[in-house]
């Protein structure tokens, strides 16, 4: 009987370690964002300061102005801007750490002026957004990329469309085609859509500077 004691002892230690890991992760995840996302918030605050200084002389940069965003200190991972920047109108903007598709996300905007876990700020007409999404879904790049992702992942992953009102004056929408591969958010294309004419302004799905 004593032969089996070391085995059960190992099982007990492994089980206890796994349980403690789960508890620690749960506690850490539920701490205030000022604690468990401290480094992200610090970096975001530096960007907010840079953007506001730039705004005083030039106005807010456009959502797709990658050249300016790089100069302001934003990080880039492929086609993904970290954190995501959205110009909401001529005086307001939003920074979002996009993680997955469901939200809530860690974000800051010019209205609330605080970091919090929340959902994206949108100023949009839902009917127009549906038409924009439908337009993109009919594009060859979207259909081909969707089929490829579905095939490579055996139907486990798909291509999701994230829609933003990029220019409130000209009614231009930015549509990100993104895939959650389990470890990161991969952007496959960024379409600009003129909602007045319902036309795609950049058929290749690439923005200037990409």
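Residue numbers (this note's numbering): 8 to 217. Just so it is clear, CB atoms sit at the ideal spot from N, CA and C, and this is done for glycine as well.
Residue environment, residue i, which counts as buried when at least 16 other CB atoms sit within 10 Å
| i | result |
| --- | --- |
| residue 210 | exposed |
| residue 18 | exposed |
| residue 90 | buried |
| residue 117 | buried |
| residue 139 | buried |
| residue 184 | buried |
| residue 156 | buried |
| residue 174 | buried |
| residue 176 | exposed |
| residue 207 | buried |
| residue 68 | buried |
| residue 165 | exposed |
| residue 171 | buried |
| residue 181 | buried |
| residue 95 | buried |
| residue 186 | buried |
Helix, strand or coil at residue i [DSSP, three-state]
| i | result |
| --- | --- |
| residue 125 | strand |
| residue 51 | helix |
| residue 194 | strand |
| residue 101 | strand |
| residue 94 | strand |
| residue 24 | helix |
| residue 131 | Interpretation of residue 131 is limited by its pLDDT of 49, a score under 50 that renders its predicted location unreliable; the figure taken from the coordinates is listed afterwards. Of the three classes helix, strand and coil, the one that applies to residue 131 here is coil, per DSSP. |
| residue 142 | helix |
| residue 45 | helix |
Cβ shell of residue i (< 7 Å), same chain only, five flanking positions each side left out
| i | result |
| --- | --- |
| residue 92 | 70, 76, 81, 100, 102 |
| residue 113 | 40, 44, 47, 104, 122, 124 |
Limits of the unbroken alpha helix (DSSP H) element including residue i
| i | result |
| --- | --- |
| residue 185 | Note, residue 185: premise wrong, no alpha helix (DSSP H); beta strand (DSSP E) at 179-187. |
| residue 155 | 147-159 |
| residue 78 | 73-78 |
Opposing strand residues paired with residue i [DSSP bridges]
| i | result |
| --- | --- |
| residue 199 | 181 |
| residue 167 | 185 |
| residue 84 | 87 |
| residue 174 | 179 |
| residue 207 | 200 |
Terminal residues of the beta strand (DSSP E) in which residue i lies
| i | result |
| --- | --- |
| residue 114 | 112-116 |
Residues near residue i in its chain [Cβ-Cβ closer than 8 Å; skip 5 each side]
| i | result |
| --- | --- |
| residue 144 | 150, 168 |
| residue 271 | An answer regarding residue 271 cannot be provided, because it is not within the stretch 8 to 217 covered by the chain. |
| residue 79 | 54, 57, 58, 61, 68 |
| residue 203 | 177, 178 |
Residues of its chain near residue i, where Cβ-Cβ distance is below 6 Å and the 5 sequence neighbours each way are ignored
| i | result |
| --- | --- |
| residue 126 | 110, 111 |
| residue 154 | none |
| residue 4 | Past the boundaries of the shown model lies residue 4; the chain is included only from 8 to 217, so the question cannot be answered. |
Residue-chain proximity (residue i, chain B), Cβ-Cβ < 8 Å
| i | result |
| --- | --- |
| residue 55 | Going by chain labels, chain B is absent from the structure shown, which holds only one protein chain. |
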